[in-house]
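Undergrad: Below: one structure in structure tokens.
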Amino acid sequence: MCAQSAEDYFEKIESLAEDGNAAAQCGLGTMYINGTFVDKDEDKAMEWFLRASGQGSAEAASKLGIAYYCGIGTEIDYGEAFRWFSLASDRGHGPSDIYLAWMYANGQGTQRNAAGAMFHLFRALEAADSGDVSTQTHLGHIYMMENDVFGRDVEKASCYLTLAALQEDPDAQYSLGTLYADGSWERHSIHKARMWLGRAVSNGCKEAEHALATLGHRTPATPRL
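The opening residue of the sequence shown carries number 5 in the working numbering; numbering runs sequentially from there.
Here it is, written out as structure tokens:
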């Protein structure tokens, strides 16, 4: 995207956000948090996410949960993260159910509760099985992690990552590529690793560029929640 068209695009989103469009407000917050087409400004990002969530945006509520969970634009506060993810989940946001499952399993922002973890995991599974690409990617990540409640299941991880990767989700393609690059996995394949990492690169995943360049000379990436 050329400089002028990038500027025009930002101004269009900003105008829609100022007019009260919740999707544009969430999009504008994402631009500010990532520094896309504008200088990075986490405070402004939080303001726009709050405005969008106030209008019922599940995506914005989830992004506020991530901000508090990771300490982006604010201090880490698992209690606040849990509250925002719960709101997003109530609005039908599948990936937020995965965050809630993880937080229940580890006692973050709430008491450790295996039943609560499994409840939200099953809700996420329903969303993933209905075709929600983002939820499929998040499920792939959570099944790659060690956890007392869920247990690590690389086969399930590869299944959900493949579903999302086939729909051109770059995060899923990147994670699937690193999974195939892992020599400890019985389905290890440098050919498939190169293929999926290459597709992730073509879809704009910067992390995949480094992974592809160092393929065969690197340790597996840590999956992201």
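In this text, a Cβ means the ideal position worked out from N, Cα and C, and glycines have one as well. Since we're looking at a predicted model, the values are computed, not measured.
Determine, using beta carbons only, whether A119 and G77 come nearer to each other than 8 Å.
TA: For this step, residue 119 is matched to residue 115 along the sequence shown. For this step, residue 77 is matched to residue 73 along the sequence shown. The answer is no: Cβ separation not under 8 Å.
Undergrad: Within its chain, find whatever has a CB closer than 6 Å to the CB of K67; leave out the 5 residues flanking it on each side and keep chain order.
TA: Numbered from 1 along the sequence shown, position 63 holds the residue referred to as residue 67. Excluding residues within five positions, the ones whose Cβ falls inside 6 Å are F53.
Undergrad: Can you give me the Cβ contacts of L165 inside the same chain, cut-off strictly under 6 Å, excluding the 5 residues immediately before and after it?
TA: What you label residue 165 is simply residue 161 of the sequence shown in a count that begins at 1. Counting only Cβ-Cβ distances below 6 Å, and skipping sequence neighbours, we find G144, A176, S179, L180.
Undergrad: So is the beta-carbon of Y108 under 7 Å away from any non-hydrogen atom of the ligand ZN?
TA: As presented, the structure is devoid of all ligands, the ligand ZN included, so that no description of it is given.
Undergrad: Could you name the residues of the same chain whose beta carbon sits closer than 6 Å to that of R95, not counting the 5 residues immediately before and after it, in chain order?
TA: Mapped onto the sequence shown, residue 95 falls at position 91. Same-chain partners within the cutoff: A62.
Undergrad: Judging by CA-CA distance, which residue of D186, H195, A169, L183 is the nearest neighbour of A204?
TA: Residue numbering aside, residue 204 sits at position 200 when the sequence shown is read from its first letter. Closest option to A204, Cα to Cα, is A169.
Undergrad: Rounded C-beta distance between A105 and A65? I'm assuming under 8 Å.
TA: As a working note, residue 105 is residue 101 in the sequence shown. As a working note, residue 65 is residue 61 in the sequence shown. A105 to A65, Cβ: 17 Å. No contact.
Undergrad: From D152 to M122, what does the alpha carbon distance come to, in whole angstroms?
TA: Taking the sequence shown and counting its residues from 1, one reaches residue 152 at position 148. Taking the sequence shown and counting its residues from 1, one reaches residue 122 at position 118. D152 and M122: Cα-Cα distance of roughly 12 Å.
Undergrad: Would you mind reading off the limits of the alpha helix (DSSP H) that contains K67?
TA: Here residue 67 refers to the residue found at position 63 when the sequence shown is read from its first residue. Run containing K67: 62-74, per the alpha helix (DSSP H) assignment.
Undergrad: Please report how far the alpha carbon of M107 lies from the alpha carbon of D81, in whole angstroms.
TA: On the sequence shown, residue 107 is found 103 positions in, with the first residue counted as 1. On the sequence shown, residue 81 is found 77 positions in, with the first residue counted as 1. Answer to the nearest angstrom: the Cα atoms are 12 Å apart.
Undergrad: Skipping 5 residues on each side, what residues in its chain have a beta carbon closer than 6 Å to that of H97?
TA: Along the sequence shown, read from residue 1 onward, the residue named residue 97 stands at position 93. A62, S66, listed in sequence order.
Undergrad: Among the candidates G39, A56, Q112, K44, whose CA atom is the shortest distance from the CA of C74?
TA: Position 70 of the sequence shown holds residue 74. If we check each option's Cα against that of C74, Q112 comes out closest.
Undergrad: Quick check on the burial criterion: 16 or more other C-beta atoms within 10 angstroms. Buried or exposed for C6?
TA: Looking up residue 6 in the sequence shown gives position 2. Caution is warranted here: a pLDDT of 49 is assigned to C6, below 50, making its placement in the model unreliable, and no coordinate value can be reported.
Undergrad: Measure the alpha-carbon distance for A189 versus M148 and round it to whole angstroms.
TA: Your numbering for residue 189 matches position 185 in the sequence shown. Your numbering for residue 148 matches position 144 in the sequence shown. Note on residue identity: the sequence assigns Trp, not Ala, to residue 189. Near 12 Å, if we compare the C-alpha coordinates of M148 and W189.
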